[in-house]
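Chains as they are written, first to last, in my numbering: chain A, -7 to 185; chain B, 68 to 448; chain C, 172 to 523.
Even glycine gets a Cβ: it sits at the ideal position worked out from N, Cα and C.
Working notes for the structure below.
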Amino acid sequence: MAFSLPQYSWRELWEKGWSGFVTALKGMRVTIRYFFSRPTTVVYPYQRLELPVYYRGRHRQRVDANGIPWCIACGSCARACPLECIHIEASATPEPPDTKRRRKLDRFDIDLARCMYCGLCAEACPQDCLMLVADYEYSAWRPQDLVAPLSVQLRPEPLSEAELRYRADPASDPAPAKPKPPREASAGEGGEG
Amino acid sequence: MAEQVPVAGQTQVGGDPFEEMLVNMGPQHPSTHGVLRLLIRVSGEYVEDCRFHIGYLHRCHEKISESQTYVQNIPLSDRLDYVGAVPNGWAQCLAVEKLAGLEVPARAEYLRVIAAELQRIASHLLFVGTMGTDLGAVTMFLFGMREREMVIDLLEAMSGARLTYHYIRIGGVARDLPDGFAERAVRTLDTVLSRIPDYDDLFTNNRILRERAERVGVIPAQTALEHGFSGPTLRASGVPYDVRRCDPYGIYDRFEFDVPLGSNGDVYDRFTIRLREIEQSSRIVRQALEGIEGVGGPIRTPIKGRFRPAPGWAYAHVEGARGDVGYYIVSQGGDSPYRLKVRSPCFGNLAGLEHLIRGWKIADVVAILGSIDIVLGCVDR
Amino acid sequence: MERGPIESLVHRLFAGLYGIPVLGWLIPIVLVLGMVALAALVLIWLERKVSGHIQSRRGPLHNGPHGLLQTVWDALKLLVKEDIVPSSADRLIMLMAPFVVFTPAVLVYVVMPFGKGWTVANLNIGLLWVVSVLSLGPVGIILGGWGSHNKWSLLGGMRSAAQLISYEIPSVLALGAIVMMAGTMSMDGLVAAQDQYEFVLTPPGLIAFVVYLVTALAELNRNPFDLPEAESELVAGFVTEYSGFKFAIFFLAEFANLLALSMITVTVFLGGWQPPSVLFFLPDSAQLPGVFWFAIKTTVMVFVFQWIKWTLPRLRIDQMLNVCWKGLIPITLGNLALACVWLLLTEKSWAR
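Set out below in structure tokens:
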């Protein structure tokens, strides 16, 4: 071979060997200290990590006191989604209960397997109805079962305190320390896809 | 006394062809940091020649970007260098903001810096861990991951996700800091920095690591520049190129931080330089957390109506965890960019490495590849 | 007394059937084999738990109390796995290799002194038997590497063979110093020679102990010498192409080897089944049976091996061989001289 292997003198070898021994012992001192200290494992599923309120997990829709979702079937979320995983079918209502609810939601499917949980749909929602909440335990045996219909998004449990305060639109989030200047015109950007 | 440094582009070994063997470190491999295929022709233990085969993770990012709007392209940038996701988004947003002439509010600038530097710490902790695994000290990996979990928890509180944050948006950032974030962040940074002496005792000062990493994979400064390296890999060879200093973006010129510089350009330098960068990044985060207290205001400049930047082109680059990330965007006035090109740091680093592996031993190939710190998502896009 | 037909058969089996005490040997052998298999399972569990706690996590938790049954399920899983043999591989060699590695590991237990009088076969060349039987291990590794018809396995097998045969020399020389000091090669004799104080407390014994630890790590293909095996570049070294039962045998052999070398270290350096001499203040009546001390010391040694494994990075093959030839061999040769000096100095104080 054209390479010469390194030629060390006996003194260098002795130094390397001794320092190898000493540094190995130092490393072992660190390791034994960790051996006798508490492990940092969170033993799931018996213990769980506490997630922040704005964790982008599964989708959820807000409902009013009668259990009807706030959704007005405008389709902004479906247009905002980069992956086209929201499918909305709506039809006109015969008697609109209020001026906003001109459309009735027939189908609202979100493909949870395709979704990348970017949150653009929640930001696009003009009613602050759709949100991504801190829920990640929805495994299924087949990919088809991960297409979440509306009923799945309207869980019967009431919203938690934090979820009630949830706002997808950050411009309306209170800044932690300083008082906010008066609210600027319009929510987020590009509500349409 | 030292080994000869192989000259790039020239096979030095010249062994007996009968002893040569073609080995394949295939796309599935514990230590190629992703799906990367190396075809190595070895003569005994020494690498005669090698070829990299990439493209196993190609997802047509640039083409897809042409059919989606600017807003929809931002989350895709996280998936490029998925270990250090925040600077990718920042580069893209900078380019789009240049095209559209948008101003970013002051508070958002601070938040961007905090997110990017926390991300840099997390990415370097991952690197430290994988360097340990590549060289056999598996414990180091777990320690690096444990610290990284703490930093990722901070980023999760800021943005809502742990890996693909989608935090930096066109015109600002996504969300403001939650309550009590500053204290929590300072505590986390203190914990991370307090563990670095443990790393030193366990790994960095270990004689075995130094034997395997010092004077191995030496890349001289001139060679590194010629081959298009960037980031900590380039700085370890002694070239003081850091986009935050050379071409400042955001408000980096307001912060005091050192840019660590190596001298030998070997694996050991590339390892220790990232440990020092963790310390410097935590300095920046502390300064930013202090600076943001007096700054109020919005965190995003709102965009009115449909977002259609004027026709033209813009290029913006930032200092990612792995190097110089750049986005070149051409607009023709429509909803979507006409062309979006990513200057990916790992691609340049990996391409330069092909010639520089020749002459080293197979066991060194793993160490050198690990020290370059590539992420195949960034290489293949 | 008249013996019935069955009783006389049992008596003849114990006492001698054409001169061979079949049952007299069969029972200890079965016991020892059972112990080895059980110990391998427990050691795998211990390794996972120790590595877990060193790495600030917990290791197996859910199967059985503290995850004790985890290894059982893993072993069962390996047994029901499909046995895949590459079409171009040499089937006979691939089949032989695991057993050639496993057999010497188990043969060593024949001479181990588990307690006072608890040795299966008290050879008076016990240590020589151990050393020579353990040197058959590399043969199996070369067979495994070659028979797999895989370049990576071949590389791993060759490297491992080079490493193992190189490291036998300092291992034997270190043990040679102890044999000189003890005056006997029989394992029982070595334990008996440590009734005053263990060999590890003497200067040549201490150096030999450290050297033997290093060579034991190399013989076991463990960190920091596990380049042939768990190398992240070689996938799994010479066991890449093995699956199912044969892989289980390799795995079992590794842990049987670990236990064997720990026991040898305990016997030769740490005093075997005798209570530690530093606990001289314990009254005689409180002394526990020898097996107990042997088990404790072996567990401590196994823990030390695992502790070292999970701390240190890996050496490259040329560095590993340099350590052996340029480092350990001169040290052990010097240690032999030191042992001679020590013997001269302490000849009077030892009742030899």
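| Query | Result |
| --- | --- |
| Contact under 7 Å by Cβ, B:T206 with C:W481 | yes |
| Beta-carbon proximity of A:C110 to B:H233, cut-off 7 Å | yes |
| Residues sharing a beta bridge with B:Y91, DSSP | Note that residue 91 of chain B is Asn in the sequence shown here, rather than Tyr. Bridge partners of B:N91: B:L106. |
| Chain C contacts from the segment 257 to 286 of chain B (Cβ-Cβ distance under 8 Å) | L269, F270, N273, I275, L276, E278 and R279 |
| Span separating the alpha-carbon of B:L143 from that of B:L89 | 38 Å |
| 7 Å Cβ cut-off: residues of chain C touching A:Y36 | Going along chain C, no residue has its Cβ under 7 Å from A:Y36, so there is no contact; the nearest lies around 11 Å. |
| Own chain partners of A:A167 with C-beta closer than 8 Å, once the 5 adjacent residues on each side are dropped | Confidence at A:A167 is low in this model, with a pLDDT of 36, below 50, so the placement of that residue should be treated as unreliable; the coordinate-derived value is given next. For A:A167, where only same-chain residues beyond five positions count, there are no Cβ hits under 8 Å. |
| Listed by chain order, chain C residues near A:L5 by CB distance under 7 Å | K497 and G498 |
| Residues that DSSP places opposite A:L124 in a beta bridge | A:H51 |
| Rounded Cβ spacing between C:V281 and C:L204 (contact assumed at less than 8 Å) | With 8 Å as the limit, C:V281 and C:L204 do not qualify as a contact, their Cβ atoms being about 11 Å apart. |
| C-beta neighbour in chain C for B:V462, strict 7 Å | Absent from the structure is residue 462 of chain B, since the part of chain B shown begins at 68 and ends at 448. |
| Cα-Cα separation between B:C117 and B:P307, rounded to whole angstroms | 29 Å |
| One or two residues paired with A:P61 in a DSSP bridge | A:V55 |
| Any chain B beta carbon closer than 7 Å to C:K322 | yes |
| Cα-Cα separation, B:I396 to B:G156 | 13 Å |
| Contact under 7 Å by Cβ, C:L499 with C:V382 | yes |
| Boundaries (first-last residue) of the beta strand (DSSP E) holding C:F270 | Careful: C:F270 lies outside any beta strand (DSSP E), inside the alpha helix (DSSP H) at R262 to L278. |
| Residue span of the alpha helix (DSSP H) that contains C:K480, given as start and end | G461 to K480 |
| For B:V218 and B:L185, the rounded distance between their alpha carbons | 7 Å |
| Close-in-space but distant-in-sequence residues of the same chain around C:R330 (CB under 7 Å, 5 per side omitted) | L398, P399 and I488 |
| Where C:S433 sits in the DSSP three-state scheme | helix |
| Helix, strand or coil at B:S398 according to DSSP, with G and I counted as helix | strand |
| A:Y128 versus B:R242, B:D325, B:G93 and B:R229, residue with shortest Cα-Cα distance | B:R229 |
| Contact under 7 Å by Cβ, B:S403 with B:T136 | yes |
| Where A:G19 falls: helix, strand or coil (DSSP) | helix |
| Under 7 Å from the C-beta of C:S227: neighbouring residues of chain A | Y26, P31 and T32 |
| Chain C contact residues for B:E112, given Cβ-Cβ distances below 8 Å | I488 and D489 |
| Spatial neighbours of B:R279 in its chain, beta-carbon cut-off 7 Å, leaving aside the 5 residues before and after | L202 and A434 |
| Buried or exposed by the 16-neighbour rule on C-beta atoms within 10 Å, applied to C:L335 | buried |
| C:F380 - containing beta strand (DSSP E), residue span | No beta strand (DSSP E) holds C:F380; the alpha helix (DSSP H) holding it covers P374 to E390. |
| Spatial distance of C:T274 from C:L305 (CA atoms) | 9 Å |
| In DSSP terms, what B:D391 is bridged to | B:E386 |
| Per-residue DSSP class, three states only, for B:V195 | helix |
| DSSP three-state assignment for A:A84, whether helix, strand or coil | strand |
| Helix, strand or coil at B:G203 [DSSP, three-state] | coil |
| Residue of C:S179, C:L314 and C:A348 minimising C-alpha distance to C:A260 | C:L314 |
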